[in-house]
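Using our numbering, you'd call the opening residue of the sequence shown number 9 and step up by one each time. The structure under discussion appears below in the form of structure tokens.
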Amino acid sequence: MYIANLGDSKVVLGRMVRDLHPVSSDNGDSNKSEESPSGSYSLSAVCLTRDHNPMDYEERQRIQASGASVQNGRVNNILEVSRSFGDYQFKKQGVTCIPDVKKCQLTPNDRFLLIACDGLWKSFPPDEAVALTNRLLLKEFEALSSNGSQSDLSSNPPTCGLTQRHLESVCSHLVNEAVLRMSGDNVTCILLVFPDAFKSPNSISPASQVVKDPLLVKMNSEDTSSEPPPKQSRIW
């Protein structure tokens, strides 16, 4: 998987990782350890991007070399990112639209990708966002399992039984929670769930394999119930 980013949006991967020092937990934490034949695993937030901040040394050097300044963490005391689309008036002042590109090998232990703008990350540190997303997905999955309802699977191809409707519910909850936490910014998030995200812990494997055909859903703080649902997309 290739990831290209610029600005202050983040891509965070929810991945099951082996516990070096397993600690038992009975408090219902969604990140508690899961046992498998190869050891004890727990969910971890893996940030796959870096923010482009004018205070970063390399970013600041480029901005200052163009004749602009960095004041109060902003380009010319105005723009708080050092790379972006748009912001044309800053393009001669060291602000670029060239992204960072990273290659990431997906594994069977990867549950989901959470892609969001800074409006979400101002309210959630990555660990908390991944924990909440995992908890909400488990809730949707458990409700689906208990109801045994498969009525909408023909029009919405499933991911572990979850459909676009279930993922929309999770995205909506994340966006609304960020707004309730007084994010003070627009909030958009995209949730991508991998096919074997909630397989049995007994099948957790340390082996690396490419994961194909995830289910992708986007939601933002301006979405309303009167708008059509987002279309399912494929990542290639």
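Here a beta-carbon is modelled for each residue, glycine too, at the ideal position from N, C-alpha and C. Owing to the predicted nature of the structure, the values given are computational and were not obtained by experimental measurement.
Assign residue i to one of two classes, buried (16 or more other C-beta atoms within 10 Å of its C-beta) or exposed (fewer than that).
i, result
"Cys105", "exposed"
"Ser154", "exposed"
"Asn13", "buried"
"Gly22", "buried"
"Asn142", "buried"
"Leu188", "exposed"
"Glu67", "buried"
"Phe98", "buried"
"Phe93", "exposed"
"Met24", "buried"
Could you name the residues of the same chain whose beta carbon sits closer than 8 Å to that of residue i, not counting the 5 residues immediately before and after it, in chain order?
i, result
"Ala73", "Gly102"
"Val19", "Ile11, Asn13, Cys55, Leu56, Thr57, Leu121, Leu122 and Ile123"
"Met9", "Lys111, Cys112, Gln113, Leu114 and Ile243"
"Ser177", "Leu144 and Glu148"
"Arg70", "Ser90, Gly102 and Thr104"
"Asp193", "Cys125, Asp126, Gly127 and Lys130"
"Asn61", "Asp16, Glu67, Gly81, Glu88, Val89 and Ser90"
"Ala137", "Val20, Ala53, Leu122, Ala124, Leu128, Trp129 and Leu182"
Kindly identify the DSSP beta-bridge partner or partners of residue i.
i, result
"Lys111", "Tyr10"
"Gln79", "Arg82"
"Arg26", "Tyr49"
"Arg91", "Thr104"
"Leu21", "Val54 and Leu121"
"Leu146", "According to DSSP, Leu146 bridges with nothing at all."
Under the assumption that residue i contacts residue j (Cβ atoms under 8 Å), give the Cβ distance between them as a whole number of angstroms.
i, j, result
"Ser17", "Ala124", "7 Å"
"Leu128", "Val195", "5 Å"
"Leu170", "Glu148", "6 Å"
Given residue i, which residues of its chain have a CB within under 6 Å of its CB, disregarding the five upstream and five downstream residues?
i, result
"Asp63", "Residue identity check: residue 63 is Met in the sequence provided, not Asp. For Met63, where only same-chain residues beyond five positions count, the Cβ hits under 6 Å are Gly81."
"Val109", "Ala12"
"Arg119", "Gly22 and Ala205"
"Ser131", "Ala186, Arg189 and Ser191"
"His174", "Glu148"
"Pro107", "Ala12, Asn13 and Leu14"
Who are the Cβ neighbours of residue i in its own chain at under 7 Å, not counting the five residues just before and after it?
i, result
"Asp135", "Ala53"
"Gln79", "Asn85"
"Asp95", "Leu87 and Val103"
"Ser77", "Asn84"
"Pro133", "none"
Check your understanding: Using 8 Å as the Cβ pair cut-off and three pairs as the minimum, do the stretch 74-90 and the stretch 112-123 touch?
Key -> By the criterion of at least three beta-carbon pairs nearer than 8 Å, the stretch 74-90 is not in contact with the stretch 112-123.
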